[in-house]
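So the sequence shown is numbered by this note's numbering: it starts at 207 and just counts up by one. All residues carry an ideal CB built from backbone N, CA and C; glycine is no exception. As the structure is a computational prediction, the values presented were derived from the model and not from experiment. The structure appears right after this line, and notes come after that.
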Amino acid sequence: MLRVLDRLGAIIDDTLPGLLIGLVTAMITIDIVLRNFFRSTIPDGVEIATYAFVWMIFLGAAGASRTGSHFQVDFIDRIGARGPRIAARLIVEAFCCAVAAIMAVCSWQYTMRSWTRVSEGLEMPLGYFYMIFPISFGLMALAHVRRSVGFVTGRRQP
């Protein structure tokens, strides 16, 4: 079951940001070509690219948390004894998990309040675009919990 979740996580926070950066690059490039050579633009292209860029950043941050490269405390590696090293790692993971969980709750509340507001160009509720915030922070909190369990059970090296 955990391997399925890991694969799903890799798709969500590794593959999707790559596709989104491709979309952003293509849209901006096409928009520049259209503007400079044909005096036209992609309708609402800049707004779409902006939202895709924000989604890419937050999904990438969730992926960095999942792989353990988003926030790193190096001095813990210098602790010689295994017990204190695990305790120090658990403290760091608990703090990061708490921050991510608080951000997930706060961003969920903000997203729920944004459904009555619409984007300027696309005229869609902003909740669709803001939903990435609670999703990414939730994925970050889950990653820190999973890493903590791995330290305690010995599946991960502290």
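Margin query: Here's a check: name, in chain order, each residue in its chain whose Cβ is nearer than 6 Å to the Cβ of G266, leaving out the five neighbours to either side.
Written below: What you label residue 266 is simply residue 60 of the sequence shown in a count that begins at 1. Cβ neighbours of G266 beyond the five flanking positions: P223.
Note to self: Taking the alpha-carbon of D250 as reference, which of Y316, G274 and M330 has the nearest alpha-carbon?
What the structure shows: Reading the sequence shown from its first residue, position 44 is the one you call residue 250. It is M330.
Margin query: By alpha-carbon positions, which one of A304, F264, D283 and F335 ends up nearest to L348?
Written below: Within the sequence shown, numbered from 1, the residue matching residue 348 stands at position 142. Nearest C-alpha to L348: A304.
Margin query: Quick check on P340: does DSSP put it in helix, strand or coil?
Written below: Here the question's residue 340 lines up with position 134 in the sequence shown. It is helical.
Notebook entry, point to check: Would you call the CB atoms of S313 and F339 closer than 8 Å?
Noted result: Numbered from its first residue, the sequence shown carries residue 313 at position 107. Numbered from its first residue, the sequence shown carries residue 339 at position 133. The Cβ atoms of S313 and F339 sit closer than 8 Å to each other.
Next item on the list: Express the C-alpha separation of I341 and L211 in angstroms, rounding to a whole number.
Entry: The count along the sequence shown starts at 1 and reaches residue 211 at position 5. The count along the sequence shown starts at 1 and reaches residue 341 at position 135. Looking at the backbone, the Cα of L211 and that of I341 are separated by about 15 Å.
Note to self: Which same chain residues end up closer than 8 Å to S275 when comparing Cβ atoms and leaving out the 5 residues on each side of it in sequence?
What the structure shows: Residue 275 sits at position 69 when you count from the first residue of the sequence shown. Correct list: empty, nothing qualifies.
Checklist line | Sheet register partners of P331 (DSSP bridge) | finding: Position 125 of the sequence shown, counting from 1, holds the residue named residue 331. According to DSSP, residue pairing for P331 in a beta bridge involves V324.
Notebook entry, point to check: Which one of G215, F343, I238 and L296 has the shortest CA to CA distance from T317?
Noted result: Reading the sequence shown from its first residue, position 111 is the one you call residue 317. Out of G215, F343, I238 and L296, F343 has the C-alpha closest to the C-alpha of T317.
Next item on the list: Give the C-beta separation of E253 and G327 to the nearest angstrom, bearing in mind that I take them to be a contact with Cβ-Cβ under 8 Å.
Entry: Mapped onto the sequence shown, residue 253 falls at position 47. Mapped onto the sequence shown, residue 327 falls at position 121. Indeed they touch by this definition, with Cβ atoms about 4 Å apart.
Item checked: Cβ-based burial, I308 [other Cβ within 10 Å; buried from 16] -> Reading the sequence shown from its first residue, position 102 is the one you call residue 308. Exposed, since its Cβ has fewer than 16 Cβ neighbours within 10 Å.
Notebook entry, point to check: Any heavy atom of the ligand GDP within a distance shorter than 7 Å of the CB on V311?
Noted result: Within the structure as shown, the ligand GDP is missing, as the structure has no ligands at all.
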